[in-house]
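One structure is given below, encoded as structure tokens.
Number of protein chains: 2
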Amino acid sequence: MKLKLLYSDLKSDLEVIEKELAVAVNSSSPLLNEASLHLLLAGGKRIRPVFVLLAAKFGNYSIESIKNVAVPIELIHMASLVHDDVIDDAETRRGRETVKAQWNNRVAMYTGDFLFAKAIEYITEVQNTYAHEVLSHTMIELCIGEIIQVEDKRFLDQTVRDYLRRIKRKTAILISASCELGAIASGTDAKTVRHLKLFGYYVGMSFQIIDDILDIVSTDEQLGKPAGSDLLQGNITLPVLYAKDEPAVAPLLHAMLEGTISATDQQNLLKAIRYSDGMTKAKQLSNIYLQKALNEVKQLPANSAKKSLQNIALFMSKRKF
Amino acid sequence: MKLKLLYSDLKSDLEVIEKELAVAVNSSSPLLNEASLHLLLAGGKRIRPVFVLLAAKFGNYSIESIKNVAVPIELIHMASLVHDDVIDDAETRRGRETVKAQWNNRVAMYTGDFLFAKAIEYITEVQNTYAHEVLSHTMIELCIGEIIQVEDKRFLDQTVRDYLRRIKRKTAILISASCELGAIASGTDAKTVRHLKLFGYYVGMSFQIIDDILDIVSTDEQLGKPAGSDLLQGNITLPVLYAKDEPAVAPLLHAMLEGTISATDQQNLLKAIRYSDGMTKAKQLSNIYLQKALNEVKQLPANSAKKSLQNIALFMSKRKF
Chain E
1 MKLKLLYSDL KSDLEVIEKE LAVAVNSSSP LLNEASLHLL LAGGKRIRPV
51 FVLLAAKFGN YSIESIKNVA VPIELIHMAS LVHDDVIDDA ETRRGRETVK
101 AQWNNRVAMY TGDFLFAKAI EYITEVQNTY AHEVLSHTMI ELCIGEIIQV
151 EDKRFLDQTV RDYLRRIKRK TAILISASCE LGAIASGTDA KTVRHLKLFG
201 YYVGMSFQII DDILDIVSTD EQLGKPAGSD LLQGNITLPV LYAKDEPAVA
251 PLLHAMLEGT ISATDQQNLL KAIRYSDGMT KAKQLSNIYL QKALNEVKQL
301 PANSAKKSLQ NIALFMSKRK F
Chain D
1 MKLKLLYSDL KSDLEVIEKE LAVAVNSSSP LLNEASLHLL LAGGKRIRPV
51 FVLLAAKFGN YSIESIKNVA VPIELIHMAS LVHDDVIDDA ETRRGRETVK
101 AQWNNRVAMY TGDFLFAKAI EYITEVQNTY AHEVLSHTMI ELCIGEIIQV
151 EDKRFLDQTV RDYLRRIKRK TAILISASCE LGAIASGTDA KTVRHLKLFG
201 YYVGMSFQII DDILDIVSTD EQLGKPAGSD LLQGNITLPV LYAKDEPAVA
251 PLLHAMLEGT ISATDQQNLL KAIRYSDGMT KAKQLSNIYL QKALNEVKQL
301 PANSAKKSLQ NIALFMSKRK F
């Protein structure tokens, strides 16, 4: 089943968001417009705006007010992607040239900064200072997550808890904020806001664990980038952490971290992790987060969005690449 | 006269801001703390917080509320510096190693993003949504200014107006916002806010023109970086723009833009601009902005800060390096 079918009843509202994103990135600089539109057209699943809209359905839904939350959330996501590309020196993303490849690092840097600033401008339209706090807090945690990823790189003595805290910041918080802010912006009651916020958090955790599993088990073609690239960059993800002491994994992993591994052994390392117990355990933990997410959905009031949230959670946690 | 003497009566309040900046950059990541503190200790003149405080003296001055404006303004300035260093591949700034030199680009990138986000968190404490708009608008214009600088690079057919619009965004708007936000945060009357905002704008314009003049006329030692480095990077500043058609300048300038200039001729180019009529004209325009700034000060109500604003404007526009 295609993701888009899961939220076909949001189609016209997602088009409003899409148009508003184009308005948001419009400026007096032709170069900035080109770079931003390039990013916008690269698309992406707009999964965060989908969460915003669905969460907003539990309150007084009005696309005109909800968009002031959905747009900044997506802008922050876009900004973080373009900044990642500068750092990772990435030439392509989702099969398209990156901004830094098509223009240069300077353009990519300030396009990212511009998108952050635009996000803030949009959220100020929401007459709820708590919503502003949620967004700035989310941005802060995102950045801390990125820095902690640097600190934890190549560091095998980290715990599963370290990993979970890191992906919470890197991924789960923004999805959680999407749900929370959508609900807040539509004046949803506090109890429902809390369930939606937790739902987003659990879905985000499950989603990132799956992402880290796919980095190891997928083919280059499925990922659109070399398989295992996270691992080869020294990011210690959950399957690696669980598998690190297995006899088939440990020597190769140490060789990789010491930079003495051959290209063939890199592939052997990926294969060893792929068939390790660590992989099974990682899948189990992802599934536990999925169940927690579904449990939050159950406690939501009945409405048309409830089933959609359930389906998207299942979809995101079951995807193959 | 030392700049610090000009605002000695702000000393204790500037210490409050300094302490608050240290609190602001504190996070759960030791690496981020180190990088941020490194930036903080690199210092700088804190001229923007000074403008915030002085402008606030025209209303109901309370350091506890004003700091929620002064801190984000300085954080945005710091963030833009650390991002500039990533792009310019700068190893030192103000004689200290940059964050990107001491750690790496990834740390510098996300330290900058973190500081932006922290700035936003602080301003949400100010119960005035117009203040939030001013800050996000300022951030947006700063980024557009940086991108336009890329567009205008090596482009000799630009007008003086193009240059002025660029430095307005790059420099004047943040100083203008410092004055405006300081005044707003202390509940200053609308007319005074307007004079202070304009004052900041004119001072910022004068300041940046002087900065661009100094890039050409100073020695490497005075600047702490190679003289003429802006020009050699292809940034067409006001003295260059005014001097570009002079016979002693034009051929060397074209050779530089085409990348066919020798090291000796680079020095000859700088010398030719230094002694050109363009240099005189640039100084004149800087002075016009200074006079406009002083004219705004004149129209402010009499108080202790009035004289300080006047002195700082004179100081900034008369500095030798």
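Protein chains in written order, with full-length UniProt numbering: chain E, 1 to 321; chain D, 1 to 321. For every residue, glycine included, the Cβ atom is placed at its ideal position computed from N, Cα and C.
Closest Cα partner of E:Val-25 within the set E:Thr-111, E:Arg-96, E:Lys-67: The closest CA to that of E:Val-25, considering only E:Thr-111, E:Arg-96, E:Lys-67, is found on E:Thr-111.
Given E:Val-160 as reference, the closest of E:Lys-244, E:Leu-3, E:Leu-269 once Cα atoms are compared: Measuring from the Cα of E:Val-160, the nearest candidate turns out to be E:Lys-244.
Residues of its chain near D:Ala-183, where Cβ-Cβ distance is below 7 Å and the 5 sequence neighbours each way are ignored: Same-chain partners within the cutoff: Ala-55, Ala-56, Phe-58, Gly-59, Thr-192, Val-193, Leu-196.
Sheet register partners of E:Thr-92 (DSSP bridge): Note: E:Thr-92 sits in a beta bridge opposite E:Glu-97.
Nearest residue (CA-CA) to E:Tyr-242, options E:Gly-228, E:His-132, E:Gln-284, E:Gln-267: The shortest C-alpha separation from E:Tyr-242 is found at E:Gln-284.
First through last residue of the alpha helix (DSSP H) which encompasses D:Asn-105: For D:Asn-105, the uninterrupted alpha helix (DSSP H) segment begins and ends at 105–123.
Where E:Val-86 meets chain B, residues with beta-carbon distance less than 8 Å: Looking at the structure shown, chain B is missing, and the protein chains on hand are E and D.
Contact list for E:Glu-180 against chain D, beta-carbon separation under 7 Å: Residues of chain D passing the Cβ test: none, with the nearest at roughly 16 Å.
Near-chain D residues of the segment 126–146 of chain E - C-beta to any C-beta below 8 Å: Correct list: Gln-127, Thr-129, His-132, Glu-133, Leu-135, Ser-136, His-137, Met-139, Ile-140, Leu-142, Cys-143, Ile-144, Glu-146.
Boundaries (first-last residue) of the alpha helix (DSSP H) holding E:Ser-186: It is not in any alpha helix (DSSP H) - E:Ser-186 carries neither H nor E in the DSSP assignment.
D:Ile-216 to D:Ser-276 span [Cα, whole Å]: Looking at the backbone, the Cα of D:Ile-216 and that of D:Ser-276 are separated by about 11 Å.
Rounded C-alpha distance that separates E:Glu-64 from D:Asp-211: Approximately 45 Å between the Cα atoms of the pair.
For D:Ala-70, the nearest candidate out of D:Ile-120, D:Thr-138, D:Ile-17, D:Tyr-61 (CA to CA): Selected option, being the one with the closest Cα: D:Ile-17.
Rounded straight-line distance, which links the Cα of E:Gln-233 to that of E:Gly-204: When rounded, the distance between both Cα atoms is 23 Å.
Contact check, E:Asp-85 vs E:Arg-93, beta carbons under 8 Å: Against a cut-off of 8 Å, the Cβ pair of E:Arg-93 and E:Asp-85 comes out as a contact.
Among D:Leu-5, D:Gln-291, D:Leu-32, D:Ala-177, the one whose alpha carbon lies nearest that of D:Trp-103: Relative to the Cα of D:Trp-103, the nearest Cα in the group D:Leu-5, D:Gln-291, D:Leu-32, D:Ala-177 belongs to D:Leu-32.
Burial state of E:Thr-61 (16 or more Cβ within 10 Å): Residue identity check: residue 61 of chain E is Tyr in the sequence provided, not Thr. So E:Tyr-61 counts as buried.
Closer than 8 Å to chain E by CB, D:Glu-121: When Cβ-Cβ separations below 8 Å define contact, D:Glu-121 makes contact with chain E.
Status (buried if at least 16 other CB within 10 Å, exposed otherwise) for E:Tyr-130: E:Tyr-130 counts as exposed, since fewer than 16 other C-beta atoms from the protein chains shown sit within 10 angstroms of its C-beta.
Contacts around D:Leu-231, its chain only, beta-carbon distance under 8 Å, and the 5 residues preceding and following it disregarded: Once the five neighbours on either side are set aside, the close Cβ partners of D:Leu-231 are Asp-215, Ile-216, Thr-237, Val-240, Met-256, Leu-269, Leu-270, Ile-273.
Runs of alpha helix (DSSP H) lying entirely within the segment 146–177 of chain D, each at least 4 residues, in chain order: Assignment of alpha helix (DSSP H) within the segment 146–177 of chain D, counting only whole runs of 4 or more residues, yields 160–167 in chain order.
Selection of the segment 235–263 of chain E by Cβ proximity to chain D, strictly under 8 Å: Sequence-ordered contacts of the segment 235–263 of chain E with chain D are nonexistent [C-beta pairs closer than 8 Å].
Contacting residues, own chain, Cβ-Cβ under 8 Å from E:Leu-142 (five flanking each side not counted): Here the set comprises Ile-76, Ser-80, Arg-169, Lys-170, Ile-173, Leu-174.
E:Phe-116 vs D:Phe-116 beta-carbon contact at 8 Å: Against a cut-off of 8 Å, the Cβ pair of D:Phe-116 and E:Phe-116 comes out as a contact.
For D:Phe-315, the nearest candidate out of D:Leu-21, D:Ile-47, D:Glu-15 (CA to CA): That would be D:Ile-47, whose Cα lies nearest to the Cα of D:Phe-315.
Opening and closing residue of the alpha helix (DSSP H) in which D:Asp-211 lies: Run containing D:Asp-211: 190–217, per the alpha helix (DSSP H) assignment.
Chain E contacts from the segment 261–295 of chain D (Cβ-Cβ distance under 9 Å): Taking 9 Å as the Cβ-Cβ cut-off, the segment 261–295 of chain D has no residue approaching chain E.
Contact with chain E by D:Lys-45, beta-carbon distance below 8 Å: No, D:Lys-45 does not count as interfacial toward chain E.
Same chain, Cβ closer than 6 Å to E:Val-177, five either side skipped, listed in chain order: In the sequence as displayed, the identity of residue 177 of chain E is Ala instead of Val. Same-chain partners within the cutoff: Val-134, Thr-138.
Under the three-state DSSP convention, the category D:Gln-299 falls into: Coil.
Any C-beta of chain D under 8 Å from that of E:Leu-31: Yes, E:Leu-31 counts as interfacial toward chain D.
D:Gln-233 CB to nearest heavy atom of the ligand ATP below 7 Å: Absence of the ligand ATP is noted for the structure shown, with no ligands found whatsoever.
Where D:Asp-9 falls: helix, strand or coil (DSSP): Here D:Asp-9 carries a helix assignment [DSSP, helix/strand/coil].
E:Asn-303 to D:Leu-41 span [Cα, whole Å]: Cα to Cα, the separation comes out at about 54 Å.
Option nearest E:Ser-27 by Cα separation, candidates D:Ile-147, D:Gln-266, D:Val-52: The option with the nearest alpha carbon to E:Ser-27 is D:Ile-147.
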